[in-house]
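This report concerns only the one structure given below.
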Amino acid sequence: MKEHSRKITPVLLAGGAGSRLWPVSRDQLPKQFQPLVGNLSTYQQTLQRVGDKGLYAEPLVITNEDFRFFARRQAEEIDLPATVVLEPARRDSAAAMAAAAVLAERREPGCLVLALAADHVVLDADKFSDAVKLCRET
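Read the sequence shown against full-length UniProt numbering and you will find it ends at 138, with the numbers running on by one and no gaps.
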């Protein structure tokens, strides 16, 4: 299969507490689940950026037990499916990505994976999409 015809599996890292943005972000409501820019949370905006079913497979969302309801509910609110995977313990991004890579490979052997922080703001979604497409083709 040609690289540019394969779907990309987005992995959203959504398990952090966002302590550097305290007091806005806290354990009970971390920044990725808050509408910091616009009406949607940065998590929901990230899901929307990878909502093109022609380009992306269903996203894997890596989060923890405390945030599982936020992740599921906010995906449902914008009608975008996502597989929520719970970390057994908070570690770091590398551990979460390693687990996600294994899960993505089980879903589709040889797949392409895109790691995304769920709390980043991307002001130009079209440029983001163009950049992802370019990476897939090269």
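Backbone N, C-alpha and C fix where the C-beta goes; we use that ideal spot for every residue, glycine too.
Bear in mind the structure is a predicted one, so any value in this text is a computation, not a measurement.
Query raised in the report: Taking all protein chains shown into account, do 16 or more other C-beta atoms lie within 10 angstroms of the C-beta of LEU98, making it buried, or fewer, making it exposed?
Result: Checking the sequence shown, residue 98 turns out to be Ala, not Leu. Classified as exposed, ALA98 has fewer than 16 neighbouring CB atoms from the shown chains inside 10 Å of its CB.
Query raised in the report: Hey, quick one: how far does the beta strand (DSSP E) through VAL50 stretch, first residue to last?
Result: Note, VAL50: premise wrong, no beta strand (DSSP E); not H, not E.
Query raised in the report: Does the beta-carbon distance from ALA71 to ALA125 come in below 8 Å?
Result: With respect to the 8 Å criterion, ALA71 and ALA125 are not classified as neighbours on the basis of their beta carbons.
Query raised in the report: If you draw a straight line from the C-alpha of VAL85 to the C-alpha of VAL61, how long is it?
Result: Distance from the CA of VAL85 to the CA of VAL61, rounded to the nearest whole angstrom, comes to 6 Å.
Query - Residue nearest to ARG73 in terms of C-alpha spacing, selected from ASP92, ALA104, LEU40, ILE8 - result: Comparing C-alpha distances from ARG73 to each of ASP92, ALA104, LEU40, ILE8 shows the shortest one belongs to LEU40.
Report task. State buried or exposed for ALA104, treating a residue as buried only when at least 16 other CB atoms are found within 10 Å of its CB. Result -> So ALA104 counts as buried.
**Report entry** Of the residues VAL121, PHE128, LYS127, LEU114, the one placed nearest VAL38, counting alpha carbons only
**Finding:** Note that residue 38 corresponds to Gly in the displayed sequence, not to Val. When only C-alpha atoms are compared, the closest one is VAL121.
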